[in-house]
Each structure stands twice: as C-alpha cells, then as structure tokens.
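First to last, the sequence lines map onto chains A and B.
Anchor point for the first sequence: position 143 equals 164 in the working numbering, and the numbering is continuous, going up by one each time.
Anchor point for the second sequence: position 174 equals 194 in the working numbering, and the numbering is continuous, going up by one each time.
Some notes on the structure that comes next.
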Amino acid sequence: MKIFFLYSGPFGEQIINTISLGGLGDQVSGAYELRPEDILARDGGGQGPDSFFENPGSFIPADFPCTTADLLIVLGVHGQLSDLVPCIAGRLGARSVLYPIDDRDTIPEARKTISDELAGMGVHVEFPEPFCSLSRSMDPFIDEFLKFFGRPLLRVFRDAGSDRIHHVEVLRDTPCGSASCIAGKLAGVDTGDLDSLTRFCYDEQHNDEADNYCLAEMDPRHPLMQEAGDLFKDALFGGCGIPSTKDTILSILQQSGETAVEDLSEQVVGRSSGNGASGCITGRAFDLYLNELTEENQIIITSEGTVKLS
Amino acid sequence: MTDDHLKVTNVSYLTGVLLDFKGIKIREFCQSKIESGADPFSIFGELQHGLEEIGKGYEDPGFRRYFNSDLIVSGRNMKRAIEILKPLLPPRKDGKGLVVIGTVAGDVHDIGKTIFAVTLESDGFIIKDIGVDVSCTGFIEAVRETSPDILAMSSLLTTTLPSMSEVIQGLTIAGLRDRVWVIVGGHAVTEQFARTIGADAYGRDCVDGLRKCREFMQEKV
Numbered sequence: 022m023k024i025f026f027l028y029s030g031p032f033g034e035q036i037i038n039t040i041s042l043g044g045l046g047d048q049v050s051g052a053y054e055l056r057p058e059d060i061l062a063r064d065g066g067g068q069g070p071d072s073f074f075e076n077p078g079s080f081i082p083a084d085f086p087c088t089t090a091d092l093l094i095v096l097g098v099h100g101q102l103s104d105l106v107p108c109i110a111g112r113l114g115a116r117s118v119l120y121p122i123d124d125r126d127t128i129p130e131a132r133k134t135i136s137d138e139l140a141g142m143g144v145h146v147e148f149p150e151p152f153c154s155l156s157r158s159m160d161p162f163i164d165e166f167l168k169f170f171g172r173p174l175l176r177v178f179r180d181a182g183s184d185r186i187h188h189v190e191v192l193r194d195t196p197c198g199s200a201s202c203i204a205g206k207l208a209g210v211d212t213g214d215l216d217s218l219t220r221f222c223y224d225e226q227h228n229d230e231a232d233n234y235c236l237a238e239m240d241p242r243h244p245l246m247q248e249a250g251d252l253f254k255d256a257l258f259g260g261c262g263i264p265s266t267k268d269t270i271l272s273i274l275q276q277s278g279e280t281a282v283e284d285l286s287e288q289v290v291g292r293s294s295g296n297g298a299s300g301c302i303t304g305r306a307f308d309l310y311l312n313e314l315t316e317e318n319q320i321i322i323t324s325e326g327t328v329k330l331s
Numbered sequence: 021m022t023d024d025h026l027k028v029t030n031v032s033y034l035t036g037v038l039l040d041f042k043g044i045k046i047r048e049f050c051q052s053k054i055e056s057g058a059d060p061f062s063i064f065g066e067l068q069h070g071l072e073e074i075g076k077g078y079e080d081p082g083f084r085r086y087f088n089s090d091l092i093v094s095g096r097n098m099k100r101a102i103e104i105l106k107p108l109l110p111p112r113k114d115g116k117g118l119v120v121i122g123t124v125a126g127d128v129h130d131i132g133k134t135i136f137a138v139t140l141e142s143d144g145f146i147i148k149d150i151g152v153d154v155s156c157t158g159f160i161e162a163v164r165e166t167s168p169d170i171l172a173m174s175s176l177l178t179t180t181l182p183s184m185s186e187v188i189q190g191l192t193i194a195g196l197r198d199r200v201w202v203i204v205g206g207h208a209v210t211e212q213f214a215r216t217i218g219a220d221a222y223g224r225d226c227v228d229g230l231r232k233c234r235e236f237m238q239e240k241v
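Right under this line is the structure:
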C-alpha cells in the first residue's frame, strides 16, 4: 500500500510525522502542503472568482509531485479547497481517501458532491470525526491503515499482585501520536483509583508539554478534543479490564430495561468515572457508542426514542 | 521591493516559526535573536506580530486561514519562547505593586495574559495570576481577598468581551471599584471598548500595558 498526504499546517505535519515514524514510513509515497493563500491568491488565469469551483483541476499546483498512491489522506486542508480532492485523488490514481475532520473549518463544503464524484471514479472515501474515532472499515486500504492508526487500542500489564501499571502496549496508536505518548507515562499509575486514572487520561491527552498531544477542536459547541479524550479513556479502561462507557450503557440497560435515550444519556454523559462505573464527558462519544452497539446488534433504538437490549 | 513586502515576508516567517509543531524553529529564532543582541522584550514583541497574524487569520469571517490546531501549536511555541527568554529579563525589583491578572469567562487563551504577567513581573510587580476562563465572581473575590493595586483582564474573543463589563459592574456593586485600577487588553479589546465599559486603561500590547501600569503606580505614589 502506498500512502500520500495532502495537508496544511502543524496539524497535518504532526500526523504525518507520527505515521511515518510509527510503522508506515516505508509506505509513504509523498506529501504536499496545500496552503489556502497559495490557491486563492491565483486568479485562475483571469477566469474570475468562481473559476475554482467550476474547474478545480486547473488549480492543482504546478509543483504537485508526479507520484501514485493507493490511499490519499487529507489533513487539515481548508474546507473551501476540498473540491481539489477528487482531482488530486484522480491524479494519484488513489483507490481510497481518508478525509478526517478534526476542526469545523476543515469540513468539506461540498461533502456530498465530493463523495459522489469520488464514488463515480470508483474511489472509496471516509470522513472520520475526529480521526481517532475510526476503528473499522470495509475498505481494504483503510482497513490496512487501521492496523496501525485510528481509535486507540491498548494492552495493559500490571505489576504482579498489584493494581499498578507495569507498562502499556499500544496495539493501535492515535494518528496524532498522543496515545503512545500517554502510554509511556502510565507506568506506576494505580488503576484501582478510577478518578485519578480518568483525570490523568484527560489531562495528558491535551497536555501541550508532551511530545504529541491532541490538536482537535475543543470548542464546547464542537468538542472533538474532548471526544478524543473519551475514546482514549475508554481504550485504557478496556485495556485494564475496567468497564468502559459501552459496558456501562449495557449494564444500565440490563438493570433498568428499556430506557429513554435522554435518560440513558443523563446517566452516562458527564460521569466519566466513579464507583466502578464509567461514562464519557461528551454527548458525541455517547452517540458514537450507541450507534456502534446498534450496529453490533447489542441494542435496539426504537422509533419512540428509547433504547433496549437486543 | 517595497517596505510593505518586506513586512509581509517577515510576518510570514514569524508565523512559520510559531507554527512549527516540533518547536525547533522557535528555539533557533530566540537563540539567534539573543546572539544578535536583541533584548527579550523586543523578541516578545516580534513574536506577538506573528501571533496577531495567526489570530487575525483565525478570526477572519470571510476566510479562516488558521484553525484551532494552529492556535494550540503557536501558543505552545510562545510558552517555549517564554521559557527561553524569562531568565534573560532584567532582575526583579519586588514591591512595585500587586497585580491580579486573568482571562475572562468563556475564554481559555492564556498566552497574551501570561506574556503580560511575565513582563510586569520582570519589572518588579508582584503578580497573582488567577488563570483563564475566570468568572466574574472569581475576579471580584480575588480583588476582595488580595486588595491589589491593579486588576488586569484579558480577552481574545469578541464573544467574551461582555464579561469584562460585568466584572467592572460587579466591582462597583461590591464597593471595590474605587480601590483598584483596571486595565484591559487582548486581541478583541479596543481603546474605545475599554472607555465604554469604564476601564481605567487599555493595554495595546504588553509594552504599552507595562508603561500604563508604571504610570499608574507613579501617580499613586
């Protein structure tokens, strides 16, 4: 598999660095920084301001590398430049596109059009939001990528006869590299104290003193960074054999039976740990887990807005 | 080549320094400036131009050029610059005055506030930094508990500007307004806004803010 990165800014650079150093370096066929000012400063040969949207292919920079790739990964590119992605995928001969969204302003303006255009070219595209939420794919190239990077997956080893962590093996790192960075700091942490363990996860996940930290948007109206924190916390709890948010959802449904989604949310969201139970801090993570449990046929969401075990 | 072009090139270089996620360029930049004899305040000043450019690109309603990740990385690099430059600041002459400083509710940006705090501290002010996203009550309680000479409030976001007005009104209601001199600053604040809400001064940047704090303390003496 050959991977090409189309990126902009430090968000893209950090991910390319992590992926290149974390096992896929020999599969990277190239990277190109697409700066919005470089594209929009051009007049499109005097074709007027709308020319970009009418003929984006003519805006592929002249110095764009002549290379090929199976998987095109788009990182932090401005949403208004997204019309270039199908053209570039075509130029590279890409079969799959990973277009993660870690900031509202990178949401492609014409997402549906891009998806349709790529589908017409026989190219599969996925838009994980945030990048580290992606854990499975039907696409062979994205699936291959997910063996290395995506939603964090950890195996935790404790000291013999103790709750203290001896070391953590990172089975799948987050694309930003924060999971392996935090994992390296977990030796000696007491897994018996859930509150401290939880706080450690969330604090370290966006600790900008670390080598790698989460760069997703943190605005309370679009809390992708907080959702990424939930995903890491649950990966660690899962690795420790501590009930994760999904386990908590199933446990509540076992005890309470059919429950309104709103009531379930109240019991899970905002309760990241305590008394052996564990929830999440964002509604986004709750919704994600609910969808996954539905897809796994473990729960059923009814048309009346309730949820019950399958 | 015009002077304007040179200025643009320079700002572009500074943003590149601030957006290097590995932090190598910021260290090289500070080191080369120190070796060329530049004083730490002027280095802060230059970097602030770069930060302002990133802030403008982030807030541009027509076309946002910079994103959340750019703010985080540039903020991290400013912290690196502070770590490098702080030991080089002039020795403290403690006791010039007590300043309570914080970023207003709803705003978690701390770089501008921290630079201003470091600047004041190096000039001999005693600083009580009460952090970011500080509520109106938080500011009032800090003033009540510590009886500072100066209260400094920062806001980077236009959406959080009303919080500054609330704090000043709260100080009046609490009977504390006459006891403390209020200076406001930050990317979203203008001199006119400062006057409108009844602040005593507006700090355009950390050097301007420092000058005004010095003047106030001299008047007080």
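All C-beta atoms, glycine included, are put in the ideal place defined by N, C-alpha and C.
No experiment lies behind these values; they were computed from the predicted model shown.
Residue(s) in a DSSP beta bridge with Asp149/B: Ile121/B
Proximal chain A residues relative to Leu39/B, where beta-carbon distance stays under 7 Å: Gly30, Pro31
CB of Gly51/A within 8 Å of CB of Phe25/A, strictly: yes
Proximity test, Cβ basis, 8 Å: Leu236/A and chain B: yes
Chain B residues whose Cβ lies nearer than 7 Å to that of Pro77/A: Neighbours of Pro77/A on chain B: none; closest Cβ ~16 Å, over 7 Å.
Cβ neighbours of Lys53/B in the same chain (closer than 6 Å, five flanking residues each side left out): Ile63
Expected contact under 8 Å - CB spacing of Ala125/B and Cys156/B to nearest Å: 7 Å
Whole-number beta carbon distance between Leu96/A and Phe80/A, since they are thought to touch under 8 Å: Contact flag wrong, Cβ pair sits at about 19 Å.
Cβ contact (3+ pairs, closer than 8 Å) linking the segment 125–144 of chain A and the segment 154–165 of chain A: no
Top-ranked residue by Cα proximity to Ser89/B, from Pro81/B, Gly77/B, Ile44/B: Gly77/B
Asn233/A and Cys197/A closer than 8 Å at C-beta: yes
Close beta carbons around Met246/A, own chain, < 7 Å, minus the five adjacent residues each side: His227, Cys235, Ala237, Glu238, Met239
Below-8 Å beta-carbon distance, Ile102/B vs any chain A residue: no
Proximity winner among Ile217/B, Gly65/B, Cys50/B, Ala58/B, relative to Ser185/B (alpha-carbon distances): Ile217/B
Terminal residues of the beta strand (DSSP E) in which Gly304/A lies: Premise fails: Gly304/A lies in the alpha helix (DSSP H), 304–316, not in any beta strand (DSSP E).
Residue from Pro173/A, Ser199/A, Ser183/A, Ile203/A with nearest C-alpha to Gly213/A: Ser183/A
8 Å Cβ cutoff met for Tyr28/A and Val98/A: yes
Cα-Cα separation, His243/A to Glu55/B: 44 Å
Best match in Arg116/A, Asp84/A, Thr195/A for proximity to Phe152/A [C-alpha to C-alpha]: Thr195/A
Beta-ladder partner(s) of Leu102/A, from DSSP: In the DSSP output, where bridge partners are listed per residue, Leu102/A has none listed.
8 Å Cβ cutoff met for Phe253/A and Ile203/A: yes
Cβ contact check for the segment 141–149 of chain A and the segment 106–113 of chain A: 3 or more pairs under 8 Å: yes
Run of the alpha helix (DSSP H) containing Ser199/A, from where it starts to where it stops: 199–204
Arg112/A in three-state terms, based on DSSP: helix
Residues that Lys329/A bridges to, as DSSP identifies them: Ile321/A
Cβ contact (3+ pairs, closer than 8 Å) linking the segment 96–104 of chain B and the segment 64–76 of chain B: yes
Check whether Met22/A and Leu92/A have beta carbons under 8 Å apart: yes
Per DSSP, the bridge partner or partners of Cys301/A: Val290/A
Distance, Phe87/B Cα to Val31/B Cα: 18 Å
Pair within 8 Å by beta-carbon distance, Thr269/A and Gly304/A: no
Closer than 8 Å to chain A by CB, Asn30/B: no
Positions along the segment 126–139 of chain A whose CB lies within less than 9 Å of some CB in chain B: Asp126, Thr127
Beta-carbon spacing of Cys222/A, Leu257/A below 8 Å: yes
Backbone CA spacing between Gly117/B and Ile170/B [nearest angstrom]: 8 Å
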